[in-house]
Amino acid sequence: MTTETLLADRSLGAVPVGWDADMAVTALYSAHYRSLVRLAVLLVRDVATAEEVVQDAFVAIHGAWRRLRDTDKALAYLRQSVVNRSRSVLRHRAVVEKYAPKGMPDAPSAENGAIGEFERSAVIEALRALPARQREALVLRYYGDLSEAQIADAMGISKGAVKSHTARGMAALRTTLEQLS
Numbered sequence: 001m002t003t004e005t006l007l008a009d010r011s012l013g014a015v016p017v018g019w020d021a022d023m024a025v026t027a028l029y030s031a032h033y034r035s036l037v038r039l040a041v042l043l044v045r046d047v048a049t050a051e052e053v054v055q056d057a058f059v060a061i062h063g064a065w066r067r068l069r070d071t072d073k074a075l076a077y078l079r080q081s082v083v084n085r086s087r088s089v090l091r092h093r094a095v096v097e098k099y100a101p102k103g104m105p106d107a108p109s110a111e112n113g114a115i116g117e118f119e120r121s122a123v124i125e126a127l128r129a130l131p132a133r134q135r136e137a138l139v140l141r142y143y144g145d146l147s148e149a150q151i152a153d154a155m156g157i158s159k160g161a162v163k164s165h166t167a168r169g170m171a172a173l174r175t176t177l178e179q180l181s
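Following UniProt numbering, the numbering of the sequence shown begins with 1 at its first residue and continues without gaps.
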């Protein structure tokens, strides 16, 4: 099977057995980098950090390639790694924010104005207000278009918990958006 054939197949579900880590990770990167970054952006709320999270996940899978039990599940491993690393970033941010010195507010910059325009979307704001697990479940389900089983694998929880987080998240979103209208 040629690299061109695999790259044309966007799912890249199975990686040929004879491939080394370099070839396999390069093919996975070409096929899935952008979608993993989009997933991470929705979780960490920042493009630069999302790109860093995804790059770290690819470095980790490259280093662990020989230890992977089932290379056919490399994409699931990457997704779970991105979700876990995103959680870690959010935990780190919470600690930094908790202990950061409070300074005098500066005048709003042009960058803040641009970011403010983007953040005015009611759905994104409502999504951000959700608890982390509900937000993750909704992002993976409706943005990532993953099945309940894939979400359960990525989040490290049961399918029943995925259903519960998704239902509660949708109910909270509905309530918040109805209040805004």
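Beta carbons are placed, not taken as given, at the ideal position from N, Cα and C, and that holds for glycine.
Can you give me the start and stop residues for the alpha helix (DSSP H) that D46 sits inside? Along the sequence shown, one-based indexing puts residue 46 at 46. First-last for D46: undefined, no H or E at that position.
With 16 other CB atoms within 10 Å as the buried threshold, where does L12 fall? The residue given as residue 12 occupies position 12 in the sequence shown. Residue placement at L12 is poorly supported in this model, since its pLDDT is 48, which falls under 50; the coordinates still yield a value, given next. Label assigned to L12: buried.
Proximity of L43 and S86 at Cβ, strictly below 7 Å: For the purposes of this step, residue 43 is taken as the residue at position 43 of the sequence shown. For the purposes of this step, residue 86 is taken as the residue at position 86 of the sequence shown. A contact, by the Cβ cut-off of 7 Å.
Going by alpha carbons, who is nearest to I151 out of S88, S164, Y143, A137? Taking the sequence shown and counting its residues from 1, one reaches residue 151 at position 151. Cα-wise, what sits closest to I151 is A137.
Whole-angstrom distance between Y142 and L177, CA atom to CA atom: By 1-based counting over the sequence shown, the position of residue 177 is 177. By 1-based counting over the sequence shown, the position of residue 142 is 142. Near 17 Å, if we compare the C-alpha coordinates of Y142 and L177.
What is the DSSP secondary structure of R65, reduced to helix, strand or coil? As a position in the sequence shown, residue 65 is number 65, starting the count at 1. Note on identity: in this sequence residue 65 is Trp, with Arg being the wrong assignment. Note: W65 maps to helix in three-state DSSP.
Between the alpha carbons of V25 and V54, how many angstroms are there, rounded? Taking the sequence shown and counting its residues from 1, the one referred to as residue 25 is at position 25. Taking the sequence shown and counting its residues from 1, the one referred to as residue 54 is at position 54. Using only the alpha carbons, I get a separation of about 12 Å.
Secondary structure of A126, DSSP reduced to three states: Within the sequence shown, the letter at position 126 stands for residue 126. Helix at A126.
C-alpha distance - E119 paired with D20, whole-angstrom precision: Counting from one through the sequence shown, the residue named residue 119 turns up at place 119. Counting from one through the sequence shown, the residue named residue 20 turns up at place 20. Its pLDDT being 49, under 50, E119 is placed unreliably by the model, and nothing is read from it.
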